[in-house]
Amino acid sequence: MSKEKPELSDAMKAQMRRKTPEKNPIKGTKFTLAISSAKGGVGKSTFATNLALALKKVGCKVGLLDADIYGPSVPKMLGINEKPKSDGQKLDPLVKYGVQCMSIGFLTDQQTPMIWRGPMVTSAIKTFTQKVNWKDLDFIIVDMPPGTGDTQLTFSQDIKIDGAIIVSTPQEVALLDVIRGIKMFDKLGVKILGLVDNMSFFIGDDGKKYKIFGEGGVKKTAEEFQKKFLGEIPINSKIGKCGDEGKPIVELDTNHEISKIYIDFANTIKSTYL
Ligand SMILES: Nc1ncnc2c1ncn2[C@@H]1O[C@H](COP(=O)(O)OP(=O)(O)O)[C@@H](O)[C@H]1O
Ligand SMILES: [Mg+2]
1206 MSKEKPELSD
1216 AMKAQMRRKT
1226 PEKNPIKGTK
1236 FTLAISSAKG
1246 GVGKSTFATN
1256 LALALKKVGC
1266 KVGLLDADIY
1276 GPSVPKMLGI
1286 NEKPKSDGQK
1296 LDPLVKYGVQ
1306 CMSIGFLTDQ
1316 QTPMIWRGPM
1326 VTSAIKTFTQ
1336 KVNWKDLDFI
1346 IVDMPPGTGD
1356 TQLTFSQDIK
1366 IDGAIIVSTP
1376 QEVALLDVIR
1386 GIKMFDKLGV
1396 KILGLVDNMS
1406 FFIGDDGKKY
1416 KIFGEGGVKK
1426 TAEEFQKKFL
1436 GEIPINSKIG
1446 KCGDEGKPIV
1456 ELDTNHEISK
1466 IYIDFANTIK
1476 STYL
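Rendered as structure tokens:
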């Protein structure tokens, strides 16, 4: 592993130096869990969505907050095309497969790229956490954007995050970013529930395991920083297909081997908090 030390942005360092006031939990929920990755395309939204559905399957009341303002994916992954209702004060979340959902993609044309400045992102996040009628939830799963930017800062300033899960793929470039993510949550005092190695391996038609992105890097990083390693999710073409069709694998086929991994994660989380 390279010895290069990933650095945090100046804005993030300044925030860490500031005294953190008592943070508000999101109204209508008991626990807020952030699903984070330092890099895009590692399967964070896939993980957040399937974990939310798995928590629902094990009997929890769940919300899914798509905090990726520049690249929302919850509308497509859950096949939601409606607009949320508003009473002029607050927005009602849209409910799909029993999960309460909110995404910037519900409010804008999904083909239009978000060309927003930081303060606009901050205000969108505040709306989603303070002005949505989340109802009677055990958990809100927050699909964070990649990196350590405005959304992470807003959450760390204003909202109590009860736990964070960092998703990564096993390549070394991804791992450097993971270290940056670990440092950010540690300094913000957010408990890291653990690290997940997504797309760890692929089982060929010959039945053999192919580790195309390298081996064991996420686990090693977890050990190095004394974090829990939550487990591996293999590459499976069904995951992408289900996501594209608006019915994630946990919902489509609860007994699938991948779904079972998610149900295990959900049971671990449920027993940790409830
Ligand atoms: N374990 C997996 N096996 C196969 N494809 C996956 C897996 N996890 C994610 N994908 C696919 O990888 C792509 C990126 O996933 P996504 O969840 O959108 O990543 P992120 O939110 O980190 O940018 C999607 O097309 C998704 O279907
Ligand atoms: Mg995403």
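Counted the way the working numbering counts, the sequence shown spans residues 1206 to 1479.
Glycine included, each C-beta is placed from N, C-alpha and C at the ideal position.
All figures in this text were calculated on a predicted structure; none of them were measured in a lab.
Tell me the residue span of the alpha helix (DSSP H) that contains residue i.
i	result
P1464	Looking at the sequence provided, one finds Ser at residue 1464 rather than Pro. Per DSSP, S1464 belongs to the alpha helix (DSSP H) from 1462 to 1478.
I1330	1323 to 1335
L1258	1249 to 1262
I1444	1442 to 1449
E1429	1422 to 1429
K1281	1279 to 1282
E1456	1454 to 1457
Kindly identify the DSSP beta-bridge partner or partners of residue i.
i	result
I1397	A1369
D1271	S1308, D1348
Y1181	Absent from the structure is residue 1181, since the part of the chain shown begins at 1206 and ends at 1479.
A1239	V1347, A1369
T1234	L1342
N1229	I1364
D1402	S1373, E1437
S1291	L1296
Give every residue of the same chain whose Cβ lies closer than 6 Å to the Cβ of residue i, excluding the five residues on either side of it in the sequence, and list them in chain order.
i	result
F1418	T1374, P1375, Q1376
S1207	The predicted model places S1207 with a pLDDT of 45, which falls under 50 and marks its position as unreliable; any figure quoted below should be read in that light. Excluding positions up to five away in sequence, the list is empty.
L1435	G1399, V1401
L1393	S1361
L1380	G1422, T1426
K1340	G1233
Is it the case that the CB of residue i approaches a heavy atom of ligand 3 more closely than 8 Å?
i	result
D1449	This structure lacks ligand 3; its bound ligands are ligand 1 and ligand 2.
Name the two residues that bound the continuous beta strand (DSSP E) containing residue i.
i	result
F1434	1434 to 1438
V1300	1299 to 1301
Among the residues of its own chain, which have a CB less than 8 Å from the CB of residue i, if the five just before and after it don't count?
i	result
L1260	V1267, D1343, F1344, I1346, A1471, I1474, K1475
K1295	K1336, V1337, N1338
N1286	P1280
K1505	Beyond the ends of the chain as shown, which are 1206 and 1479, falls residue 1505; an answer cannot be given.
Skipping 5 residues on each side, what residues in its chain have a beta carbon closer than 7 Å to that of residue i?
i	result
K1228	D1363, I1364, K1365
A1216	L1358
K1432	I1387, I1397, G1399, L1400
G1352	A1243
K1301	L1283, I1285
I1466	G1436, I1438
I1231	T1237, T1334, W1339, I1345, I1364
I1444	T1251, I1454, I1463
Can you give the beta carbon distance from residue i to residue j, rounded, assuming they're within the 8 Å contact cut?
i	j	result
I1468	H1461	Contact flag wrong, Cβ pair sits at about 10 Å.
I1148	V1326	What the structure shows of the chain is the stretch from 1206 to 1479, and residue 1148 is not part of that stretch, so it cannot be assessed.
I1240	I1370	5 Å
Please report whether the beta-carbon of residue i lies at a distance below 9 Å from any beta-carbon of chain B.
i	result
T1459	In summary, chain B is missing from the structure at hand, where a single protein chain is found.
Checklist entry - When a residue counts only if its C-beta is closer than 7 Å to some heavy atom of ligand 2, which residues count, in chain order? => result G1245, K1249, S1250, D1273, G1276, S1278, D1348
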